[in-house]
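**Q**
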Amino acid sequence: MDGLQEKLEAAYKASGGRKVNLISHSMGAPGCINDSLLTGVQFVDGFESYFFVSRWSMHQLLVECPSIYEMLPNIDFDWKKKPEILVWQKQSKDGETSVVLESYGPDESATLFEEALKNNELSYNGKTVPLPFNSAILKWAAGTREILNKTQVPKGIPFYNIYGTSFDTPFDVCYGSESSPIGELSEICHSNPEYSYVDGDGTVPAESAKADKFDSVERVGVCASHRGLLSNEKVFQLIQKWLGVSPKGKKHSKTSKVMDVHFNRPVEEKNCSLY
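Each residue of the sequence shown is one higher than the one before, counting from 1 in full-length UniProt numbering.
1. What's the gap between the Cα of V235 and the Cα of G143?
2. Would you mind working out which of F159, K155, V173 and F167 sits nearest E218, comparing C-alpha positions?
3. Do you know whose CA, among V173, S191, V245 and T169, lies nearest L86's CA?
4. Which residue wins for smallest C-alpha separation from E194, given the options P66, D212, K213 and T169?
5. If the criterion is Cβ atoms closer than 7 Å, does the pair D107 and I75 meet it?
6. How far does the beta strand (DSSP E) with I162 in it reach, from first residue to last?
7. Candidates W242, L230 and G95: which alpha carbon is nearest H25's?
8. When DSSP builds the beta bridges, which residues end up paired with Y104?
9. Check each candidate in T97, S36, K127 and S225 and name the one with the smallest Cα separation from L72.
10. Using 7 Å as the threshold, is the C-beta distance between T165 and G105 below it?
11. Taking the C-alpha atoms as reference points, what is the distance between L112 and Y163?
12. Rounded to whole angstroms, what's the CA-CA distance from R55 to C32? Just pull it up for me.
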């Protein structure tokens, strides 16, 4: 915060006392991280989706995206309940067919990804390129996670945490059903997932958003969606408070029309209780 305050003061003086705009990064993509590797991500709904990257094209990009592998559920984290991938799968033995509900936790999910994506291909300029689950990137991501698990904020650097709450946020994902099971696991990539939900910002569960293990000066849950946090007035007030400045007037922010989430049911905003 001290460094941010110095930069804001320098920018304010250099601009002749004009307003200083803070610009955030993209805040990531809407969706469930486990599902994004299997069925992709939908950024825009309805007619506008024809002018944006399709869900399947985004899926093909994400299979080679290191950050997606890094964001897979941390097997070393002490979850209240571990996230699961559930698959209603058809099985045949001795001429008889049955339906079994298979469960994959953070430890077993890589096995599912490998099997579901083993025949995944990308068509480009008339050529077919194999695009399976990338075990090399997964190994790299595991090494990155080991470093992050041991990382602490340097002494003398205050850490603050703002996270979104009060929105239904995907946690477990299920493919197929008892009446319409999955045959080959590759069919998952072209199926419609069903989610179970926990509290969060619609994209990131609150449990994950405050799982940094850092010693924080303050942690505050704000009733806002994932992207909505950027334009939330309470968030702005918190930053002003931590910077030790007082507002001069009310500011109004605009948000992009890119949707926050796209699930089989709309995100439900609950009664805000933390802030």
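Beta carbons are placed, not taken as given, at the ideal position from N, Cα and C, and that holds for glycine.
**A** The answer reads as follows:
1. 33 Å
2. F159
3. Closest by alpha carbon: V173.
4. T169
5. Yes, these two residues count as a Cβ contact at 7 Å.
6. Here the beta strand (DSSP E) through I162 covers Y160 to T165.
7. L230
8. I85
9. S36
10. no
11. Rounded to whole angstroms, L112 and Y163 show a C-alpha spacing of 31 Å.
12. 13 Å
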